[in-house]
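Worksheet: the structure to be examined is printed underneath.
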Amino acid sequence: MPSKTISRRKFIHGLGLGVSACALPLPVLAGGPLPHGAMLLGARPQDAVLMDAKKGQVELRGKGLGKTDIWGYGGKVPGPILRVKQGEELKVRFNNSLDQGSTIHWHGIRIDNKMDGVAGLTQEAVSPGESFDYHFTVPDAGTYWYHPHNRTWEQMARGLYGLLIVEESEPIAVDHDLALAFDDWQMKPDGQLEEESFGRIGERAHGGRIGNMMTVNGNSDMQVDVKSGDRARVRICNTANARILELRVEGCAVHVVALDGQPVEPREPEALDLIISPSQRVDLILDMDGAPGGKAVISEVSDMRLPLVRFDLHPTEKSRSKLLPPFAKLADNPLLALDRVKPLEVKLDMTGGAMGGMSSAIYKGKELSVRELVREAGMIWAFNGVAGMPEKPWFSAKKGQTVEIEMINNTSFSHAMHMHGHHMSEVSRVRQTRAGLKTINTRPDWRDTVLVNRGEAVKVAFVADNPGKWMFHCHMLEHQAGGMSTWFEVA
Ligand code: C2O
Ligand code: CU
0 MPSKTISRRK
10 FIHGLGLGVS
20 ACALPLPVLA
30 GGPLPHGAML
40 LGARPQDAVL
50 MDAKKGQVEL
60 RGKGLGKTDI
70 WGYGGKVPGP
80 ILRVKQGEEL
90 KVRFNNSLDQ
100 GSTIHWHGIR
110 IDNKMDGVAG
120 LTQEAVSPGE
130 SFDYHFTVPD
140 AGTYWYHPHN
150 RTWEQMARGL
160 YGLLIVEESE
170 PIAVDHDLAL
180 AFDDWQMKPD
190 GQLEEESFGR
200 IGERAHGGRI
210 GNMMTVNGNS
220 DMQVDVKSGD
230 RARVRICNTA
240 NARILELRVE
250 GCAVHVVALD
260 GQPVEPREPE
270 ALDLIISPSQ
280 RVDLILDMDG
290 APGGKAVISE
300 VSDMRLPLVR
310 FDLHPTEKSR
320 SKLLPPFAKL
330 ADNPLLALDR
340 VKPLEVKLDM
350 TGGAMGGMSS
360 AIYKGKELSV
370 RELVREAGMI
380 WAFNGVAGMP
390 EKPWFSAKKG
400 QTVEIEMINN
410 TSFSHAMHMH
420 GHHMSEVSRV
430 RQTRAGLKTI
440 NTRPDWRDTV
450 LVNRGEAVKV
460 AFVADNPGKW
470 MFHCHMLEHQ
480 AGGMSTWFEV
490 A
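Counting from 0, one number per residue, gives the positions in the sequence shown under the working numbering.
Printed below as a string of structure tokens:
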């Protein structure tokens, strides 16, 4: 079958996802993590999706190996994979059935500020038993996700997250469209989450809470049936609190086609493309060029070599005699071009953490020694000398103005710097080495999260075209909670 005629029906066929009606005025999604990581929730324009954050139990370690207590949307890990068409409106009723306040943040969506879901900045946390209606249009096609923005370091680590797929207005011809959330979990031998480590200063001061077990869409080993000749779009999201994923894809032809939702010229992965920091996404096109009966594997190699997703090629059948022609670049999203002539220039000086040498920082308007910061507030990091959210914005930009941010990492750790409501493009990257300053090739792709390694100074630019109050923080959630959070304003 020529690829053009492959309908979306074909790849969602057989996933057994139900939409069940109930007494509420809203349809309830009976979705959740689906066996093969797949998906569809038809968020048709008029339907509101009910997302209930609640406790649940999931077999994270594998079938028959016992259940782990989690918190999840619909009590599942991950929450439903939401699919909506570019330019459409998504309506979600968020119901909080947890016993602490929560919100939903729509990561990477250039969203209406009121709907950004940041507790304490764009809304109050939704109290236990209460609900909140999110409704917004999605301007950009691509791979996005959602998670709480209140005690995120705990709530996300317990399983509250899900993927949000914005489909291109022209359907993309692929045989499989898989959305995969890669996560790690800090588990005890009894198979329960290690709750003692939530909020612990040791993790905050170092590289964050790194798990000892990995899952993809809540599965510890994931298998997908394909055929020789198939083309798969694989959307990968790093939903771990702090682990920087290093992926390896073997047994098929691989092209990177989007990063953080935004299209890039299709390319074979460069070294850095498959290093995915917390919250980043990468869209890959995999062409199954192996013979029938073979396999392709996605492994995570940051700790040890862990095969996490296995594609089994049908033992005898091929889907086509010849591989499809090269994948054409996805249509660009409507981002404004940068104006590099007279940008507003701002700096972000990152300090603190273990082996960081920070002696004091401002917290809630008062200068505290590091000892006091840790004891009184659990803080250990600072941006521009301020630990935690400042009362006044870091900077204010005029609507439409290009802003250049220079981030200087004066700490002993790498940080995944995330901007809300906008995408940014890297302008320069310099690394401090023993031999002096070294210029690193820049990667000008549009991103909502940029990894700034230790000893680096990275300049990014963005067009401040979205009015409101926007957070800027490290997406290593223990670092965010430990002080690496700030905000800016677009008037
Ligand atoms: Cu993924 Cu401030 O968020
Ligand atoms: Cu960090």
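Glycine is no exception: its CB is placed at the ideal position from the N, C-alpha and C atoms.
Judged by DSSP secondary structure, R242 falls outside any alpha helix (DSSP H); it is assigned neither H nor E. Only exposed fits E390, as fewer than 16 other CB atoms lie within 10 angstroms of its CB. Three or more Cβ pairs closer than 8 angstroms define a contact, and the stretch 231-246 meets that threshold against the stretch 177-186.
Any heavy atom of the ligand CU counts here; residues with a Cβ closer than 5 angstroms to one of them, in chain order, are H414, C473, M475, H478. The DSSP-derived three-state label of L312 is strand. Counting the other CB atoms within 10 Å of its CB gives E299 a total of 16 or more, which places it among the buried residues.
Excluding its 5 nearest sequence neighbours in each direction, V429 has C-beta neighbours in its own chain below 6 angstroms: L436, T438, A456, listed in chain order. Separation of the CB atoms of G352 and T410 is rounded to 5 angstroms, and the pair is thereby assigned contact status at 8 angstroms. If you draw a straight line from the Cα of E194 to the Cα of H419, it comes to about 29 angstroms.
Between the C-alpha atoms of L192 and L59 there is a straight-line separation of about 11 angstroms. For R109 and E269, the gap between their C-alpha atoms comes out near 27 angstroms.
Distance from the Cα of V225 is smallest, within the candidate group D51, V373, S318, for S318. In this structure, the ligand C2O has a non-hydrogen atom nearer than 7 angstroms to the beta-carbon of M470.
In this structure E88 is in contact with T136, their Cβ atoms being roughly 5 angstroms apart against a cut-off of 8 angstroms. Rounded to whole angstroms, H205 and I361 show a C-alpha spacing of 20 angstroms.
For secondary structure counted as the alpha helix (DSSP H) over 4 or more consecutive residues, the stretch 163-222 holds these complete runs in sequence order: 200-204.
In the DSSP secondary-structure assignment, L367 is bridged to A360. Burial state of V91 is buried, judged by a 10 Å Cβ sphere holding 16 or more other Cβ atoms. Between the C-alpha atoms of G158 and C236 there is a straight-line separation of about 14 angstroms. For P443 and K458, the gap between their C-alpha atoms comes out near 11 angstroms.
Within 7 angstroms of the C-beta of S196 there is not a single heavy atom belonging to the ligand C2O. DSSP, reduced to helix, strand and coil, places Q479 within a helical segment of the structure shown. Distance check between I379 and each of E403, D46, G119, I200 places I200 closest, using alpha-carbon atoms only. Excluding five sequence positions before and after G377, the CB atoms of its chain that fall closer than 8 angstroms to its own CB belong to G198, I200, R203, A480, G481, given in chain order. Annotated three-state conformation of D286 is strand, per DSSP.
Using a cutoff of 7 angstroms, the CB of S278 counts as near the ligand C2O, since one of the ligand's heavy atoms is closer than that.
In summary, E123 is exposed, with fewer than 16 beta-carbon neighbours lying within 10 Å of its beta-carbon over all protein chains present.
Put simply, the backbone Cα of L283 is about 21 angstroms away from that of H313.
At a threshold of 7 angstroms, H104 counts as near the ligand C2O, since its beta carbon sits closer than that to one of the ligand's heavy atoms.
In the same chain as L258, and ignoring 5 residues on each side of it, the C-beta atoms closer than 8 angstroms to its own belong to D272, Q279, R280, V281, D282, D444, W445, R446, in chain order.
Counted as a single uninterrupted DSSP element, the alpha helix (DSSP H) harbouring Q154 occupies residues 151-154.
For H419, the CB falls within less than 7 angstroms of some heavy atom of the ligand C2O. Counting along the chain, no beta strand (DSSP E) covers V340, and no H or E run does either. Spatial neighbours of G250 in its own chain (CB-CB distance under 7 angstroms, excluding positions within 5 residues in sequence) are listed in chain order as G289, G293, K294, A295, V296. With a threshold of 7 angstroms, the Cβ atom of H422 does not count as near the ligand C2O, since no heavy atom of the ligand is closer than that. When the alpha-carbon of W105 is set against those of D139, E129, G74, the nearest one is in D139.
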